[in-house]
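Undergrad: To start, I am sharing the structure in question, which I have written as structure tokens.
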């Protein structure tokens, strides 16, 4: 009975302690960026190639960029279908290009790209670092005088920040293509009408902000996944548990970060007006 009460009362303190350790880990990972870029160039280039093109079967089809392209392509198809149906109920189906110009860069693509990054690159990082931790390779690096955090964590963080640019670019193209093909090719909306509203309401600021969102989300995702991998314990089963925890946490973090950034950028936006 007493132990149960002690565990219940100690849970909030353990949560705060864990959050503090995570915050310290993330801060150190960012602070070590200059050293990682300067001292570990070979490892940095290897990780950039690995993240961008992946390995094995993924490399054959083009790596993470192509995978993310197809994910957002089908997300764009779904978005185009749903938006056309909703606009048709109001006899405003001609505004399909407007919906694509607003929804894709501001909301759809950052979320889908972040989730894809967590499921592909992030989970791989967690498994890699977790395997190194349980096999004592990380401890061996420390014994040899190599700082494991900048060498293993910060290099992966920098690689994610760099490779998210082509990954996100492919994601944006995929969403636009899927949206347009659905509304123009399937529903028969005039291509000229779609392009007119797309070009009228598409603003370069939205695309720029969207890339900034992508970089921020990449930092969040890679930081979370490297933390759970770096602190894994309990053998192979512990590594599997760490991967699951990292994916769940990063998906929640992606949605939370996207909500906060979108509210900050667009909540009081006067970028477009539709009046009768």
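Numbering (the numbering used here), first residue to last: 319 to 594.
C-beta atoms are modelled at their ideal positions from N, C-alpha and C, and glycine is treated no differently.
Pick out whichever of 435, 410, 340 and 337 has its Cα sitting closest to the Cα of residue 533.
TA: Among 435, 410, 340 and 337, the Cα nearest to that of residue 533 is on 435.
Undergrad: Could you check what DSSP says for residue 382 in three-state terms: helix, strand or coil?
TA: In this structure, residue 382 counts as helix in the three-state DSSP scheme.
Undergrad: For the structure I just gave you, are there three or more beta carbon pairs, one from the segment 556-571 and one from the segment 435-445, closer than 8 Å?
TA: Touching, yes.
Undergrad: Quick one: give me the first and last residue of the alpha helix (DSSP H) that residue 479 is part of.
TA: Run containing residue 479: 473-498, per the alpha helix (DSSP H) assignment.
Undergrad: Beta-carbon within less than 8 Å of residue 358's beta-carbon, same chain only, minus the 5 sequence neighbours each way: which residues are those?
TA: Excluding positions up to five away in sequence, the list reads 468, 469 and 473.
Undergrad: Could you name the residues of the same chain whose beta carbon sits closer than 8 Å to that of residue 422, not counting the 5 residues immediately before and after it, in chain order?
TA: Contacts found: 394, 397, 490, 493, 494 and 497.
Undergrad: Do you know offhand how far residue 402's Cα is from residue 447's?
TA: If you take the alpha carbons of residue 402 and residue 447, they lie about 45 Å apart.
Undergrad: Can the beta-carbon of residue 347 be found closer than 8 Å to that of residue 541?
TA: In this structure, residue 541 lies closer than 8 Å to residue 347 by Cβ.
Undergrad: Rounded to whole angstroms, what's the CA-CA distance from residue 529 to residue 483? Just pull it up for me.
TA: Each residue's Cα considered, the two are about 7 Å apart.
Undergrad: With DSSP run on the structure shown, which of helix, strand or coil describes residue 377?
TA: Here residue 377 scores only 48 on pLDDT, less than 50, and its place in the model is too uncertain to base an answer on.
Undergrad: Hey, how far is the Cα of residue 355 from the Cα of residue 341?
TA: Near 22 Å, if we compare the C-alpha coordinates of residue 341 and residue 355.
Undergrad: Look at residue 424 and residue 524 and say whether their C-beta atoms are less than 8 Å apart.
TA: In this structure, residue 524 lies closer than 8 Å to residue 424 by Cβ.
Undergrad: Once the 5 residues before and after residue 375 are set aside, which same chain residues still bring their CB inside 8 Å of it?
TA: For residue 375, the predicted model reports a pLDDT of 43, less than 50, meaning its position is unreliable and no value from the coordinates is stated.
Undergrad: Between residue 379 and the rest of its own chain, which residues show a CB-CB distance below 7 Å, the 5 nearest in sequence each way excluded?
TA: Its pLDDT being 46, under 50, residue 379 is placed unreliably by the model, and the measurement read from it follows with that caveat. Result list for residue 379: empty, nothing under 7 Å.
Undergrad: Checking 8 Å against the spacing of the C-beta atoms, do residue 557 and residue 445 come in under that value?
TA: Yes; because the gap between Cβ atoms is below 8 Å, this pair is in contact.
Undergrad: Using the C-alpha atoms, what's the distance from residue 453 back to residue 460?
TA: So the two alpha carbons sit approximately 14 Å from each other.
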